[in-house]
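Sequential numbering from 332 applies to the sequence shown in the working numbering.
Report on the structure given below.
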Amino acid sequence: MPSKNDKAEAARANTRRIIEQAPKVLAGLFAISGVAYLAGSIYTKSYFAEFGASWILDEVPTAIYFSQSWIPLLLILFFGYLTTTNLALIGSQSNLTETKRFKVSVAVVRYGPWLLVGLLIMIPLLSRLGSVIPTIVLSVAAIALLLLLFASALEILIVRFTKADRPIDLSMTYLALSVIVVGLYVVPVQLGMNWARVDKQPTSNLFKMYLRDDELREYKLLFTAGEKLYVFPSKYEGRYPPVVATVASKVTFIPPESKSD
Numbered sequence: 332m333p334s335k336n337d338k339a340e341a342a343r344a345n346t347r348r349i350i351e352q353a354p355k356v357l358a359g360l361f362a363i364s365g366v367a368y369l370a371g372s373i374y375t376k377s378y379f380a381e382f383g384a385s386w387i388l389d390e391v392p393t394a395i396y397f398s399q400s401w402i403p404l405l406l407i408l409f410f411g412y413l414t415t416t417n418l419a420l421i422g423s424q425s426n427l428t429e430t431k432r433f434k435v436s437v438a439v440v441r442y443g444p445w446l447l448v449g450l451l452i453m454i455p456l457l458s459r460l461g462s463v464i465p466t467i468v469l470s471v472a473a474i475a476l477l478l479l480l481f482a483s484a485l486e487i488l489i490v491r492f493t494k495a496d497r498p499i500d501l502s503m504t505y506l507a508l509s510v511i512v513v514g515l516y517v518v519p520v521q522l523g524m525n526w527a528r529v530d531k532q533p534t535s536n537l538f539k540m541y542l543r544d545d546e547l548r549e550y551k552l553l554f555t556a557g558e559k560l561y562v563f564p565s566k567y568e569g570r571y572p573p574v575v576a577t578v579a580s581k582v583t584f585i586p587p588e589s590k591s592d
């Protein structure tokens, strides 16, 4: 059995490897954050475009793009954390490619791109047919698959270039990364568009309010930026609701029917 000194030395060696990998991990997380920002911007632009209110983007800070992508960002960071902290120790694993974890990653990279391609075909098709909820469900499933595929591809790449003596075919890995790039555009576009379609409905859960100069008409809160509120009527004609900007001082939350005469 290994002695306490051996265990302490192994722990110190593992710590050194993690420290050595830290710059690469930080660089990777920085790049991933940029991808999340890009996905958030695509989602946000698609969402407001469905309301015919793309002009709002000229009045809001860029931080809104991160706020619209915090779920995929956290998932990406989680998968990245699991992958990088595990692979920081690969120098002490001579049979890494024989582990169950690595074999699962290979299987995901081998079959995952085809499944993701199928989803990327089905999602826009369902969206065109007006199937809003199924489109959203498939888009969320595509996000989960995209992140899993990304984590698996990242692991294979790190193993391949860290242990250069291992003959690992990267053709499917490059295909997976290509499909991921396409997915990073298609999925946010469709998700933003169809969430907007849900929020445009009179029965949506957006916050309801009334304007002091139009107290007979119910409005819904689309977005807030600083002191500005962007609202639209709950009922309207045409494809795009007439979105207007107002401030909190011009808003009342008391329904007209509950007011005293």
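Where a beta carbon is used, it is the ideal one built from N, C-alpha and C, also for glycine.
Out of curiosity, what's the CA-to-CA distance linking residue i and residue j?
| i | j | result |
| --- | --- | --- |
| Tyr505 | Gln521 | 25 Å |
| Gly523 | Ser565 | 19 Å |
| Pro465 | Ile474 | 14 Å |
| Leu446 | Met453 | 11 Å |
| Gln532 | Val448 | 30 Å |
| Thr381 | Thr375 | Correcting the residue identity first, residue 381 is Glu in this sequence and not Thr. Approximately 10 Å, taken between the alpha carbons. |
| Pro455 | Tyr368 | 22 Å |
| Ala438 | Asp545 | 60 Å |
| Val529 | Ala579 | 25 Å |
| Glu549 | Gly569 | 17 Å |
| Val575 | Phe563 | 6 Å |
| Leu547 | Met503 | 60 Å |
| Gly365 | Thr583 | 39 Å |
| Phe433 | Ser509 | 21 Å |
| Arg441 | Gly461 | 32 Å |
| Leu560 | Lys431 | 52 Å |
| Tyr571 | Ser385 | 11 Å |
Are the beta-carbon atoms belonging to residue i and residue j less than 8 Å from one another?
| i | j | result |
| --- | --- | --- |
| Ser436 | Ile511 | no |
| Leu478 | Gly443 | no |
| Lys581 | Leu552 | no |
| Gly514 | Leu451 | yes |
| Ser458 | Asn525 | yes |
| Ala527 | Tyr378 | yes |
| Phe538 | Ile387 | no |
| Val518 | Ser470 | yes |
Taking DSSP's pairing of strands, which residues face residue i in a bridge?
| i | result |
| --- | --- |
| Ala661 | There is no way to answer for residue 661, as the model of the chain reaches only from 332 to 592. |
| Tyr541 | Glu549 and Thr583 |
| Thr555 | Leu560 |
Fill in: Any alpha helix (DSSP H) of 4 or more consecutive residues that is wholly inside the region 445 to 504
463 to 493
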